[in-house]
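**Q** Sequence order for the protein chains is A and B. If you count the first sequence from 1, position 171 lands on 171 in this note's numbering, and the numbers rise without skipping. If you count the second sequence from 1, position 82 lands on 82 in this note's numbering, and the numbers rise without skipping. Glycine is no exception: its CB is placed at the ideal position from the N, C-alpha and C atoms.
Protein chains: 2
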Amino acid sequence: MVNSSVVNTYPLSSYSFGTKEPKMEKDTSVADRLARMKLNYMKEGMRTSVEAILLVQEHNHPHILLLQIGNTFCKLPGGRLKPGENEVEGLKRKLSSKLAANSPNMQPNWQIGECVAVWWRPNFETIMYPYCPPHISKPKECKKLYVVHLSEREYFAVPKNLKLLAVPLFELYDNVQRYGPVISTIPQQLSRFQFNMISS
Amino acid sequence: MVNSSVVNTYPLSSYSFGTKEPKMEKDTSVADRLARMKLNYMKEGMRTSVEAILLVQEHNHPHILLLQIGNTFCKLPGGRLKPGENEVEGLKRKLSSKLAANSPNMQPNWQIGECVAVWWRPNFETIMYPYCPPHISKPKECKKLYVVHLSEREYFAVPKNLKLLAVPLFELYDNVQRYGPVISTIPQQLSRFQFNMISS
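#1: Cβ of B/K98 within 9 Å of Cβ of B/L67?
#2: With a cut-off of 8 Å, do at least 3 Cβ pairs link the stretch 140–147 of chain B to the stretch 111–130 of chain B?
#3: Apply the 10 Å Cβ neighbour rule to B/T185 and answer buried if 16 or more other Cβ atoms are within range, or exposed otherwise.
#4: Pop quiz: A/G79 and A/A52 are said to be a contact at Cβ under 8 Å. What is the actual Cβ separation, rounded to whole angstroms?
#5: Taking C-beta to C-beta, are B/Y129 and A/F195 nearer than 9 Å?
#6: Exposed or buried, A/K138, counting other C-beta atoms within 10 Å across all chains shown (16 or more means buried)?
#7: Can the beta-carbon of B/E154 be found closer than 9 Å to that of B/N109?
#8: Check each candidate in A/L162, A/M42, A/D174, A/C132 and name the one with the smallest Cα separation from B/P168.
#9: Pop quiz: B/L165 and B/C74 are said to be a contact at Cβ under 8 Å. What is the actual Cβ separation, rounded to whole angstroms?
#10: Output, in sequence order along the chain, the residues in the stretch 160–192 of chain A whose CB is closer than 7 Å to any CB in chain B.
#11: If A/L162 sits next to A/I64, beta carbons under 8 Å apart, how far is it from one beta carbon to the other, in whole angstroms?
#12: Put B/L165 into one of helix, strand or coil per three-state DSSP.
#13: Counting only runs that start and end within the stretch 46–86 of chain A, where is the beta strand (DSSP E) found for 3 or more residues in a row?
#14: Pick out whichever of B/E141, B/P11, B/T28 has its Cα sitting closest to the Cα of B/K38.
#15: Please confirm whether A/H149 has its beta-carbon closer than 9 Å to some beta-carbon of chain B.
#16: Counting contacts by CB-CB distance shorter than 9 Å, is B/V116 in contact with chain A?
#17: Please list, in chain order, all residues of the same chain as B/T126 whose beta carbon is under 7 Å from its beta carbon, the five residues on each side excluded.
This is the structure we're talking about:
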């Protein structure tokens, strides 16, 4: 783990991108997703998920890499941990599954940094809160967002059904309609970091 | 400075509160405030202000101490640094000015913790952003929010024209209308902290 409030950000052009086989969503509707969540909760207890904030720069402004599904929905790369799995190791596993080539010797150097936000899902519903609400003793999910420090050059393999977008902080800020409450407040959570913008 | 992501929070009832002479606002309107800001900028350059997030607990949920002016407007305790002043020392000075008795031996033990957010004012206007917007080379103000760790018992002296309120995170969250963009996203910025709720 990298424990630093300085983040080196390299130009988007210093990374290269290819494609790989599609990674389909496990559910085709929100109702299916919540039903599967309930089933998993009964088997394994509270779900812990980990997501990555991968930063690049364009025009000296920080951008975040988001995976776009279809034409509208965006998400951070990451996913659910296996029961008992270490958060940092689990996030690396999820990042490789979503963004790395299949060859084991072409894995990016995922340097997991600080946890910047924790969100709680009190019920089997879509709404989450940045605290465990009072009177909720058994939350259903805890989602943790980590800054991930990228090296100067990397190769990313993007599943064919997804698009990888570099979205500037100024586009995310105050844009809950487009990005939802978790992603739209990433600019506030990153505001305490110092970005060391490196040109190519 | 205290560099810890664990925050001990004590019940509101473990603190005692008195009053002291009023601390009037320097400006009577937003226009006056922005005009004074402009004048100060010409003399001293970019304004740096520091504000404190003071935490207590009620019913095992974190609450933040806010100063209320009149019946609506709430602000964090803090204020503008003198040119060249150290941020941590300046925040202690401002906290004592706003919340401590006048006697030097009755000062609370202000333990300044981590910086959790930085906001930028690009122009002599009320709007601020959690990043310095692109193409702004001379921002007019930089405001930093720090977590402040309170000891188990303290005495606070509140200026007679202000009210000190303990506001729960669930009241601040998603309530930009009432608290503005800076205060309403404090729950997200605190979400990565672990609150050690201590009963009296």
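**A** Taking the structure as given:
#1: yes
#2: yes
#3: By the Cβ neighbour-count rule, B/T185 is buried, with 16 or more other Cβ atoms within 10 Å of its own.
#4: Actually they are not in contact, since the Cβ atoms of A/G79 and A/A52 sit about 10 Å apart, beyond 8 Å.
#5: no
#6: exposed
#7: yes
#8: A/C132
#9: 7 Å
#10: L169, F170, Y173, T185, P187, Q188, Q189, S191, R192
#11: Not a contact, Cβ separation roughly 15 Å.
#12: strand
#13: 47–58, 61–69, 73–75, 78–80
#14: B/E141
#15: Taking CB atoms only, A/H149 has no neighbour in chain B less than 9 Å away.
#16: yes
#17: V30
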